[in-house]
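Enquirer: Please see the structure below; I have some questions.
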Amino acid sequence: MAKQAPQSDPAQDAPQVSAPQHAAAGLPAVGHSLRMAAEQMGARRTLATLSKVNQPDGFDCPGCAWPEPGKTHAAEFCENGAKAVAEEATERRITAEFFAAHPVAELAERSGYWLGQQGRLTEPMLLDEGSSHYVPVSWERAFSIVAEELKALDTPDGAAFYTSGRTSNEAAFAYQLFARRLGTNNLPDCSNMCHESSGSALVETLGVGKGSVSLKDLHQADLIIVAGQNPGTNHPRMLSALERAKRAGAKIVSVNPLPEAGLERFKNPQNARGLAGHGTKLTDLFLQIRLGGDLALFRAVNQLLLAAEDKHGNVVDHEFVERHCLGFEEWAADARTTDREAVLAATGLPYAQIEELVSMVLASRKVIVCWAMGLTQHKHAVPTIREVVNFLLLRGNIGRPGAGVCPVRGHSNVQGDRTMGIFERPSQAFLDALGKEFAFEPPREHGFDAVDTIRAMRDGRVRVFFAMGGNFVAATPDTDVTEAAMRRCRLTVHVSTKLNRSHVVTGARALILPTLGRTDRDVTAKGAQFVSVEDSMGMVHSSRGGLRPPARGLLSEVAIVCRLARATLGPQDSTPWEDFADDYDSVRDRIARVVPGFEDFNEKVRRPGGFALPHGPRDSRSFPTATGKANFSVNPLTAPEVPPGRLLLQTLRSHDQYNTTIYGLDDRYRGITGGRRVVLVNPADAAGLGLTEGGYVDLVSEWRDGVERRAPHFMVVHYPVALGGAAAYYPETNVLVPLDSTADISNTPTSKAVVVRFEPDSGLPGA
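Numbering (the UniProt record's numbering), first residue to last: 1 to 767.
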């Protein structure tokens, strides 16, 4: 029997602190997974549901986008995947009685953890203008309200259509089609806040804004560099791939301001060695870099590789560079000028460690660089990733088995959403194909990304905000500004499976539209349906839920989009929205004619394991850039500057967390249990700033606009963070990230580089 949702809201500010762990997974991960799953689902439902996660005849995990192996294990999920499934397949329910008992003002005082623990949403709810409570509303009335507000706008650009990465390919395609039939490219998505910097850099340099490696490539690599990423918490199944690579002889280098248990040692819970033994040591070289020093590191490595070429030869892959690349000579001339002292200041690394990395590179023919938000959420994120590409191009490590770029994506279909056209800056080719297929002229003017959407709501230019999944308020920067912007809207709408913070920060009117989840059966008038997703490595496969939906009358995301489109666009619109809602094959037939790589979509997606999308740099060393070649780029050395008496803060996840969803209040690999309001500080920095371990402080961010942004009441925890840096969990510290502090080119919030000072504790918020 599943446990009831908690009635009280824990304070989260008095954690227990112990030493960080040095290994991930093992028996504790198994026990923790099963305990949390049983609390949400009960024992029988847990076993039946987890056995279908990431299986060919089952459903894709609603957590991360890590790919499935060719031959799946009987338990093809990780600890955090089990938590994600449990949260969705929970037996807890939120009904109209819940909303009647809790006014919105009260819910707004609750934590995101408490809201998420209440269970699945079961019927459409409306908060009308001037009302204090959400009340039930019919689907027909809900769609008519949205349609009325959209048609009352002066321009279609007065609406923004946000998308979470969990949306299926079919729903995403229908969603972007509806927005563009309406007349806007305002399609912000969660990519804008995480891997937009990767896409910007990769499109410019390689021509494709996705990773170039497969799971098989990781298994074959000689050297894998994991930079700015914590797979033990954020992508735990990646550890199995790293273990396999290590056993095949690969070397692994970790580049991170914090030591992370999962990259130190992995106790694979799928084998006896992992369950009962010491597991596998993964990292051969740990480079504890200062926050924002990665560009300097790769410049230094490239300089040393060029020096080795000048001295000995046989370092640069001249045949590859001459045949496939442009800009090498200009880049190499600049790279040779890299200043050693500037590198040391930016990275904080002993130069001998950088030389050791270069020796490992020279001993390796096949090199992969993996990265995540530790690289993408800095002002100079795009130049950093371009320099990573320079590093790989130099030795021909693109389009070679066992080598390439590996940006590790987050949500399970965030990459597929972009492929389906969820993008505020679509290519002309995509718009041409979409317009031809549906006989209309799509809007050509670029729309708003996530940050620009907040600015537009703040300034009154966006009046209707519609979110397909996600938790926009908790995921975005500058919390106070974002919440004030949302409240300026005429209407806010959220298609969701569960309650979250965004539902209680509303426009004048608000709707919550409950939807089927990945784990739920989806049956329409045409029979059982399935959806598809694209993983982090460009594989597309099907997903079929098997559980009875939590309430009668729930609609899928596809059905919600299609019924809303018909209500808004009217009977004269020629798009067959009713057919799309009833038969997802009909949606896939249209995708096949619009999106390259999806030809014969319905046939290919039914193959076991799905199919790989084409990738020119990987498949044929062809580069669809503006120049038709892979482009070397000159990236001046830059790094964050931190004033005296301040530290550079990075926001991060705890282990009991996936993005803004908080599963529990522990971060056991880092030794934190029972609370989240902690700031991790190097003991030497703490001593220099007069910070007492276990004491409480306010964090105050400093930026050029002079606005005070404060996160109160954080416990100081001594932790082996790189000198000059600190770390704390989001979304609690999103309030410190200025809205206008974004990465050059990509406009991604700089959540890994917030200058903070420490002030006396002002007390727990709301106390």
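All C-beta atoms in this analysis are idealised placements derived from N, C-alpha and C, irrespective of residue type, glycine included.
Fair warning: this is a prediction, and the values are worked out from it, not measured in the lab.
#1: Please list the terminal residues of the continuous beta strand (DSSP E) segment that includes residue 768.
#2: Could you check where the alpha helix (DSSP H) with A485 kicks off and where it finishes?
#3: Using the beta-carbon count (16 or more within 10 Å), is E196 buried or exposed?
#4: What is the rounded straight-line gap between the Cα of M486 and the Cα of E264?
#5: In terms of DSSP beta bridges, what is V721 paired with?
#6: Could you tell me whether the Cβ atoms of E204 and N631 are closer together than 8 Å?
#7: Assuming L516 contacts V493 under a Cβ cut-off of 8 Å, what Cβ separation, rounded to an integer in Å, is found between them?
#8: My guess is that K267 and G249 are in contact by the Cβ rule of under 8 Å, so how many angstroms apart are they, rounded?
#9: May I have the straight-line CA-CA distance separating R237 from G63, to the nearest angstrom?
#10: For the 8 Å Cβ check, are there 3 or more pairs between the region 214-231 and the region 370-377?
#11: Can you name the start and end residues of the beta strand (DSSP E) that S620 belongs to?
#12: Checking 8 Å against the spacing of the C-beta atoms, do S18 and G671 come in under that value?
#13: Under 8 Å, do H713 and S762 count as touching if we go by C-beta distance?
#14: Note down, one range per segment and in chain order, each alpha helix (DSSP H) of at least 4 residues found wholly within the region 275-343.
#15: Would you mind reading off the limits of the alpha helix (DSSP H) that contains G232?
#16: Tell me, to the nearest whole angstrom, how far the beta carbon of A24 is from that of A272; I am working on the premise that it is less than 8 Å.
#17: Kindly indicate which residue of L392, D189 and G527 has the alpha-carbon position closest to the one of D317.
#18: Can you look up I354 in the DSSP assignment and give me helix, strand or coil?
#19: How many angstroms separate the CA atom of G116 from the CA atom of A86?
#20: Restricting to runs no shorter than 3 residues, where is the beta strand (DSSP E) found entirely within the region 489-559?
#21: Express the C-alpha separation of W577 and T497 in angstroms, rounding to a whole number.
#22: At the level of alpha carbons, what is the spacing between V679 and Q4?
#23: Hey, P617 and L206: beta-carbon distance below 8 Å or not?
#24: Using 8 Å for Cβ pairs, my map puts G725 next to Q650. What's the rounded Cβ distance?
#25: Could you say which of P188, Q176, Q40 and L150 lies nearest to T476 if we only look at CA atoms?
#26: Can you give, in chain order, each stretch of the beta strand (DSSP E) that sits fully within the region 141-210 and has at least 3 residues?
#27: Quick check on S254: buried or exposed, where buried means 16 or more other Cβ atoms within 10 Å of its Cβ?
#28: Beta-carbon separation of A551 and E88 under 8 Å?
#29: Buried or exposed, going by whether 16 or more other CB atoms sit within 10 Å of the CB of S543?
#30: Look at the alpha carbon of D619 and the alpha carbon of V382, and state the distance between them as a whole number of angstroms.
#31: Do R518 and D60 count as a contact pair if the criterion is CB distance below 8 Å?
Expert: A quick look at the data gives this:
#1: For residue 768 there is no data in the structure shown, the boundaries of the chain being 1 and 767.
#2: As a position in the sequence shown, residue 485 is number 485, starting the count at 1. A485 -> alpha helix (DSSP H) spans T479 to R487.
#3: As a first step, residue 196 is located in the sequence shown; it is residue number 196 there, counting from the start. Buried: at least 16 other Cβ atoms inside 10 Å.
#4: In the sequence shown, counting from the first residue as 1, residue 486 sits at position 486. In the sequence shown, counting from the first residue as 1, residue 264 sits at position 264. For M486 and E264, the distance between alpha carbons rounds to 42 Å.
#5: Counting from 1 along the sequence shown, the entry for residue 721 is found at position 721. DSSP, once it has assigned bridges, lists no residue as partnering V721.
#6: The residue labelled residue 204 in the question sits at position 204 within the sequence shown. The residue labelled residue 631 in the question sits at position 631 within the sequence shown. The answer is yes: Cβ separation under 8 Å.
#7: Walking along the sequence shown from the start, residue 516 turns up at place 516. Walking along the sequence shown from the start, residue 493 turns up at place 493. With 8 Å as the limit, L516 and V493 do not qualify as a contact, their Cβ atoms being about 17 Å apart.
#8: The residue labelled residue 267 in the question sits at position 267 within the sequence shown. The residue labelled residue 249 in the question sits at position 249 within the sequence shown. Actually they do not touch by this definition, with Cβ atoms about 21 Å apart.
#9: If you number the sequence shown from 1, residue 237 lands on position 237. If you number the sequence shown from 1, residue 63 lands on position 63. One C-alpha to the other measures close to 11 Å.
#10: yes
#11: Here residue 620 refers to the residue found at position 620 of the sequence shown. Run containing S620: none in the beta strand (DSSP E); it sits in the alpha helix (DSSP H), G616 to S620.
#12: For the purposes of this step, residue 18 is taken as the residue at position 18 of the sequence shown. For the purposes of this step, residue 671 is taken as the residue at position 671 of the sequence shown. Yes, Cβ-Cβ distance for S18 and G671 is below 8 Å.
#13: By one-based count along the sequence shown, residue 713 stands at place 713. By one-based count along the sequence shown, residue 762 stands at place 762. Against a cut-off of 8 Å, the Cβ pair of S762 and H713 comes out as a contact.
#14: 294-312, 318-324 and 328-335
#15: Taking the first residue of the sequence shown as position 1, residue 232 is located at position 232. Segment P231 to N234, the alpha helix (DSSP H) holding G232.
#16: Counting from one through the sequence shown, the residue named residue 24 turns up at place 24. Counting from one through the sequence shown, the residue named residue 272 turns up at place 272. With 8 Å as the limit, A24 and A272 do not qualify as a contact, their Cβ atoms being about 17 Å apart.
#17: As a first step, residue 317 is located in the sequence shown; it is residue number 317 there, counting from the start. When only C-alpha atoms are compared, the closest one is L392.
#18: Counted from its first residue, the sequence shown places residue 354 at position 354. Three-state DSSP puts I354 in a helix.
#19: For this step, residue 116 is matched to residue 116 along the sequence shown. For this step, residue 86 is matched to residue 86 along the sequence shown. Distance between the alpha carbons of G116 and A86 is about 12 Å.
#20: 491-496, 509-514, 531-534 and 539-543
#21: For the purposes of this step, residue 497 is identified with residue 497 of the sequence shown, where counting begins at 1. For the purposes of this step, residue 577 is identified with residue 577 of the sequence shown, where counting begins at 1. Distance between the alpha carbons of T497 and W577 is about 23 Å.
#22: Stepping through the sequence shown from its first residue, residue 679 is reached at position 679. Stepping through the sequence shown from its first residue, residue 4 is reached at position 4. Using only the alpha carbons, I get a separation of about 31 Å.
#23: To locate residue 617, count along the sequence shown from 1; it is residue 617. To locate residue 206, count along the sequence shown from 1; it is residue 206. Their beta carbons are under 8 Å apart, which means P617 touches L206 by this criterion.
#24: In the sequence shown, residue 725 corresponds to position 725, counting from 1. In the sequence shown, residue 650 corresponds to position 650, counting from 1. The Cβ separation is near 7 Å, so the contact holds.
#25: Translated into the one-based positions of the sequence shown, residue 476 becomes position 476. Cα-wise, what sits closest to T476 is P188.
#26: 159-163
#27: The count along the sequence shown starts at 1 and reaches residue 254 at position 254. Classification for S254: buried.
#28: Here the question's residue 551 lines up with position 551 in the sequence shown. Here the question's residue 88 lines up with position 88 in the sequence shown. No, Cβ-Cβ distance for A551 and E88 is not below 8 Å.
#29: As a working mapping, residue 543 is identified with position 543 in the sequence shown. Buried, because 16 or more other Cβ atoms sit within 10 Å of the Cβ of S543.
#30: Position 619 of the sequence shown holds residue 619. Position 382 of the sequence shown holds residue 382. The straight-line gap from Cα to Cα measures roughly 24 Å.
#31: For this step, residue 60 is matched to residue 60 along the sequence shown. For this step, residue 518 is matched to residue 518 along the sequence shown. Yes, Cβ-Cβ distance for D60 and R518 is below 8 Å.
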